[in-house]
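2 protein chains.
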Amino acid sequence: MKILLIEDEPQLLSSMKAYLETEGYVVTTASTFRQGMVKTYDYDYDCVVVDIGLPDGNGLDLIRQLKTTHAQTGIIIVSAKDSLNDKLTGLELGSDDYLTKPFHLSELNARLKSVLRRRLFGGQNLIHFAKITINAHTHQVNIEGQPVILTEKEYQILLFFIANPDRLLTKGAIAEFVWGDHMDLANSHDFLYTHIKNLRKKLIEKGCPDYLRTRYGVGYLFSATP
Amino acid sequence: MKILLIEDEPQLLSSMKAYLETEGYVVTTASTFRQGMVKTYDYDYDCVVVDIGLPDGNGLDLIRQLKTTHAQTGIIIVSAKDSLNDKLTGLELGSDDYLTKPFHLSELNARLKSVLRRRLFGGQNLIHFAKITINAHTHQVNIEGQPVILTEKEYQILLFFIANPDRLLTKGAIAEFVWGDHMDLANSHDFLYTHIKNLRKKLIEKGCPDYLRTRYGVGYLFSATP
DNA sequence: TGAAGTATGAAAATACTACTGATTGAGGAC
DNA sequence: GTCCTCAATCAGTAGTATTTTCATACTTCA
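Keeping their order, the protein sequence lines are chains A and B.
The first sequence begins at 221 in the numbering used here and counts up by one.
The second sequence begins at 221 in the numbering used here and counts up by one.
Now the structure itself:
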C-alpha cells in the first residue's frame, strides 16, 4: 500500500511518515503541490494525503487533476479549521475524505484504512472469496470459519490476490503493492517466492483448495474456477 | 543488435555490459578512445555508447570520425555533470543522445532503444508491415490484432526482416544482426534454418501469408508483393 | 541426375524460472 | 539479557522454455 503525503510542515510530515510506516504502508512525501504532482506522474499511489493549505499554488487543481488522471487513487484532504470552503470544494471535486488540523495520527490511519478498503472492495469490511473470508479491519482471515494466522506480508499478498481475482498478476505488480517500488526491478524474486510458498501452505493446511496458479515467466493467477 | 561501449571505469563498464546483455544486445567493450576507434574499423555497430571524459585524446574526434565513416551508427554520449560543453558539442557533431553520470542502467537502455528505433524505423514504437504489427517496446507481435508468441531470437529475426523489407538479406547479415559476428563465418547455418522455420510456422498459423521467400544460395527476401 | 542448399522434426544441451527448507538477522516481548 | 516471530536470504532442486545440434528428407539448379 503506497501513500503519498503532501505537507509542508516538516515536523508533521515526518511524524506522519513514521507513523504510517509502522502501520505497514509504503510512504513517499512531498512538501509542495508541485513536487507532489511530479511524483504522481511517476507512480500510482493507492492514496494521496494532501494538505490543502500549502503556500505554492492551488491544491484544488492538484485534486482535480488527480481525479482525472488517476481516477482510482484515493484522496484525503487535510486542512486548517478555517479553510472550510476548500474542504468542501475538495470533496465536491472527488476527494474521498478530509481531516481538520490538528488531528490524531490514529485518526488519519482510520480514514486511510476506510478509503483504501472502499477503493479495493467497495467499502466492505468483510471480503469473501470462495471459502476464504477476510476481515479488512482486523486483518483476520478465515477458511470456512476456521481462523488462519497469517503474517502481515502474507496477508497483504492474499489481499492483493483477492482484490484481483481471475486476473494475471505479474510478480512486479505484487511486489509493488506489498513493498512499494523500491525493489521490484533490481533484486531477485526470492522473497516473493518464500511468502507465496508460506501463504499457499497455510491456506492448504486449513483445507483450502489451491486457488493460486503459477504462470511461468509472468506471475500468478488467483481463481476459484479452473 | 550490436553495441560498442567505450568507458574506462572497469566496474561501470562491466555492469553496463552485463545489463545490456541480459537485454539481448551483443556487446563489445573498449576502455580507451583508441581501442574503441580500432573496433569500429573492424565492425559495424548499431550504436556506440562513449564516455566523453576518457583520459586519452579527444572523444569529440571519435564522434566526428564515426559520423563520417559510419553515418548510420547511433551514438550516445556519456559525460560527467560538469562537462556540459563537450556534451553540447557532441550533439552538434551528430550524436543522437546523451546521458549524464551517474545514470540508471534502465535509463541507458531506454535511450538505446530510442536511438535504435529511430535508426531502424524513424522512431516509431509501433511498426507495421502488411498484417503484422510489432511493438518495439514490449517485443509483442500481432497478426491482425491476434498476438503471436515469439521467442527472442524469432523476434529479432522478424525485426530485421521488417526493418529491411523487399531487400535481399544474406544469411550472414541476419546472423550478424541477431548473434553478432562470432558465428556467421565458421559454423553451419542450421540454427538459422531452424529459427526461420519456427518463425514461418508461427506466422502462418495465425493466418499470415508467407512473406518470406528463399533465394537459393543467397538468403531471404521479405516482401508483401509477389 | 547429382551435388549443394534448404527444410523439418526430434533430441540434446543450455538457460531460465520457480519452489523449497534451512539459516540468518533484526526487532519486539518478556 | 533470552526467547520469540517474521522478513529476508541462500543454496539446492525441480520444472519449463529456448536454443542448438543432428539426422533425414526435400528443393533447386547446373
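Cβ coordinates follow ideal geometry from the N, Cα and C atoms, glycine included.
Can you say whether residue i is buried or exposed, counting buried as having 16 or more other CB atoms within 10 angstroms of its CB?
{"i": "Gln366/B", "result": "exposed"}
{"i": "Ile369/B", "result": "exposed"}
{"i": "Thr242/B", "result": "exposed"}
{"i": "Gly294/A", "result": "buried"}
{"i": "Gly279/A", "result": "buried"}
{"i": "Asp317/A", "result": "buried"}
{"i": "Ala444/B", "result": "exposed"}
{"i": "Gly342/B", "result": "exposed"}
{"i": "Ser299/B", "result": "buried"}
{"i": "Glu372/A", "result": "exposed"}
{"i": "Ser234/A", "result": "exposed"}
{"i": "Val270/A", "result": "buried"}
{"i": "Thr358/A", "result": "exposed"}
{"i": "Thr390/B", "result": "exposed"}
{"i": "Tyr193/B", "result": "This structure gives no information on residue 193/B, because the portion of chain B shown stretches from 221 to 446."}
What are the boundary residues of the beta strand (DSSP E) that residue i is part of?
{"i": "Asn355/B", "result": "352–355"}
{"i": "Thr320/A", "result": "317–320"}
{"i": "Ala250/B", "result": "246–250"}
{"i": "Gly294/B", "result": "294–299"}
{"i": "His348/A", "result": "346–349"}
{"i": "Pro367/A", "result": "366–368"}
{"i": "Val438/B", "result": "It is not in any beta strand (DSSP E) - Val438/B carries neither H nor E in the DSSP assignment."}
Rounding to the nearest angstrom, what Cα-Cα distance links residue i and residue j in this structure?
{"i": "Phe323/B", "j": "His348/A", "result": "46 Å"}
{"i": "Gly268/A", "j": "Thr289/B", "result": "Here the sequence assigns Val to residue 268/A, which means Gly is not the residue at that position. Each residue's alpha carbon lies about 54 Å from the other."}
{"i": "Arg254/B", "j": "Gln376/B", "result": "31 Å"}
{"i": "Gln285/B", "j": "Glu374/B", "result": "34 Å"}
{"i": "Leu240/B", "j": "Pro275/B", "result": "25 Å"}
{"i": "Thr353/A", "j": "Gln360/A", "result": "8 Å"}
{"i": "Gly277/A", "j": "Leu225/A", "result": "17 Å"}
{"i": "Gly448/B", "j": "Leu232/B", "result": "This structure gives no information on residue 448/B, because the portion of chain B shown stretches from 221 to 446."}
{"i": "Phe381/A", "j": "Gly437/A", "result": "18 Å"}
{"i": "Phe442/A", "j": "Phe397/B", "result": "41 Å"}
{"i": "Ile394/A", "j": "Val335/A", "result": "20 Å"}
{"i": "Leu405/A", "j": "Pro446/B", "result": "With a pLDDT of 49 at Leu405/A, under the threshold of 50, the predicted position of this residue should be treated as unreliable, though the coordinate-derived value follows. Taking the straight line from one Cα to the other gives about 46 Å."}
{"i": "Lys421/A", "j": "Tyr431/B", "result": "51 Å"}
{"i": "Leu419/B", "j": "Lys426/B", "result": "11 Å"}
{"i": "Ile283/B", "j": "Ser315/B", "result": "7 Å"}
{"i": "Leu478/A", "j": "Thr434/A", "result": "With chain A represented from 221 up to 446, any question about residue 478/A goes unanswered, as that position is not in the structure."}
{"i": "Gly392/A", "j": "Asp386/A", "result": "17 Å"}
{"i": "Pro230/B", "j": "Ser326/B", "result": "19 Å"}
{"i": "Ala356/A", "j": "Leu412/A", "result": "22 Å"}
{"i": "Asn363/A", "j": "Leu423/A", "result": "Note that residue 363/A corresponds to Ile in the displayed sequence, not to Asn. In a straight line, the C-alpha of Ile363/A is about 8 Å away from that of Leu423/A."}
{"i": "Ile272/A", "j": "Asn384/A", "result": "32 Å"}
{"i": "Ile416/A", "j": "Ser251/A", "result": "37 Å"}
{"i": "Ala238/A", "j": "Thr248/A", "result": "11 Å"}
{"i": "Asp228/B", "j": "Gly256/B", "result": "11 Å"}
{"i": "Tyr263/B", "j": "Asp410/B", "result": "24 Å"}
{"i": "Tyr440/B", "j": "Ser408/A", "result": "41 Å"}
{"i": "Lys333/B", "j": "Lys259/B", "result": "22 Å"}
{"i": "Lys287/A", "j": "Asp281/A", "result": "10 Å"}
{"i": "Gln292/A", "j": "Leu388/A", "result": "19 Å"}
{"i": "Tyr261/A", "j": "Tyr261/B", "result": "44 Å"}
{"i": "Thr414/A", "j": "Thr414/B", "result": "39 Å"}
Start and end of the alpha helix (DSSP H) containing residue i?
{"i": "Lys333/B", "result": "325–341"}
List the whole-angstrom C-beta distance separating residue i from residue j, where the pair is believed to meet the contact cut-off of C-beta under 8 Å.
{"i": "Leu328/B", "j": "Met236/B", "result": "7 Å"}
{"i": "Leu340/A", "j": "Arg331/A", "result": "Rounded, the Cβ-Cβ distance is 15 Å, inconsistent with contact."}
{"i": "Pro351/B", "j": "Cys428/B", "result": "Sequence inspection shows Lys at residue 351/B; the Pro mentioned does not correspond to that position. With a Cβ gap of about 5 Å, Lys351/B and Cys428/B count as contacting."}
{"i": "Arg338/A", "j": "Asn345/A", "result": "Contact doesn't hold; Cβ gap of about 10 Å is too wide."}
{"i": "Tyr182/B", "j": "Ile296/B", "result": "The structure shown has nothing for residue 182/B, since chain B only spans 221 to 446."}
Would you say the beta carbon of residue i is closer than 8 Å to some non-hydrogen atom of the ligand GTP?
{"i": "Gly294/B", "result": "With respect to the ligand GTP, the structure shown offers nothing to examine, as it has no ligands at all."}
Ordered list of alpha helix (DSSP H) runs contained in the region 372–436 of chain B, each at least 4 residues: 372–383, 391–399, 410–425
What are the complete beta strand (DSSP E) segments, minimum 3 residues, inside the region 222–296 of chain B? 222–226, 246–250, 267–271
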